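Novice: Quick note on the numbering used here: the sequence shown kicks off at 986 and runs consecutively. Every residue, glycine too, gets a C-beta built ideally from N, C-alpha and C. Computed from a prediction, not measured in an experiment: that's the story for all the values here.
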Amino acid sequence: MYDSILKPIVNQYDFNLDYAKKLVEDLNEDQMTAVPSNGLDNHPAFTIGHLASGSALIAEDLGAKFIMPDNWVDLFLRRGPGDPRKPDADKNKYPSKELLINELELQHNKVKDLLKNVDENKLNENIKWRFNSYMPSLLDIIYFMCVNHEAMHLGQLAAWRRTMGLPSALAIL
986 MYDSILKPIV NQYDFNLDYA KKLVEDLNED QMTAVPSNGL DNHPAFTIGH LASGSALIAE
1046 DLGAKFIMPD NWVDLFLRRG PGDPRKPDAD KNKYPSKELL INELELQHNK VKDLLKNVDE
1106 NKLNENIKWR FNSYMPSLLD IIYFMCVNHE AMHLGQLAAW RRTMGLPSAL AIL
């Protein structure tokens, strides 16, 4: 079951992690919280932290305890479209690039380990959430969060890079 159903998701999840790292690799700490224009409020520090929080939520859905560093929940966790909060304007609240990337990788690895041992019946469980009519099962949510959700935010980060006059990270991946 893992090889046929989950391995393709994990492959994309691994790609997303490598792409996330490449998107911020050449940024200094000041750039991590720069907001170049209205509409690009999700700066790199927020984006990487938010993706870590999304992975922590998937780990929780898979049976692990939700764990994030102190104060990260308020900074990074959002409840999907319609959540009116924007990234905190106080740049001093954000962890360093190194801490953010380390946490993202830690959360990714936790999810991947959980996926290797998940009960197939659990994947088919119906989960009640905002997009239940589109993605009713745990497997649907895993696919969305590990692939689509991450890709959406990484696309925002790629647009942020271009607005900052930086080269394409995908081109050098």
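(1) Output needed for Ala1159: all residues of its chain with C-beta closer than 6 Å, excluding positions within five of it in sequence on either side, in chain order.
(2) Quick check on DSSP: helix, strand or coil for Ser1038?
(3) Does the stretch 1041-1060 touch the stretch 1099-1116, meaning 3 or more C-beta pairs lie closer than 8 Å?
(4) If you compare alpha carbons, which of Gly1150, Met1137 and Ala1144 is closest to His1035?
(5) Taking the alpha-carbon of Asn1094 as reference, which of Thr1032, Ala1143 and Asp999 has the nearest alpha-carbon?
(6) What are the boundary residues of the alpha helix (DSSP H) that Pro1152 is part of?
(7) So, do the stretch 1017-1025 and the stretch 1137-1148 have three or more beta carbon pairs nearer to each other than 8 Å?
(8) Decide if Ala1044 is buried, meaning its Cβ has at least 16 other Cβ atoms within 10 Å, or exposed.
(9) Have a look at Leu1012, Pro1029 and Ala1037 and flag the residue whose alpha-carbon is nearest the alpha-carbon of Leu1062.
(10) From Cys1131 to Ser1040, what does the alpha carbon distance come to, in whole angstroms?
(11) Does the contact criterion of 3 or more C-beta pairs under 8 Å hold for the stretch 1109-1122 versus the stretch 1072-1091?
(12) For a minimum of 3 consecutive residues, which ranges assigned as the beta strand (DSSP E) are wholly contained in the stretch 996-1039?
Specialist: Answer, in terms of the structure:
(1) Any question about residue 1159 goes unanswered here, given that the chain covers just 986 to 1158.
(2) helix
(3) yes
(4) Met1137
(5) Asp999
(6) From DSSP, Pro1152 is part of no alpha helix (DSSP H); its letter is neither H nor E.
(7) yes
(8) buried
(9) Ala1037
(10) 7 Å
(11) no
(12) none
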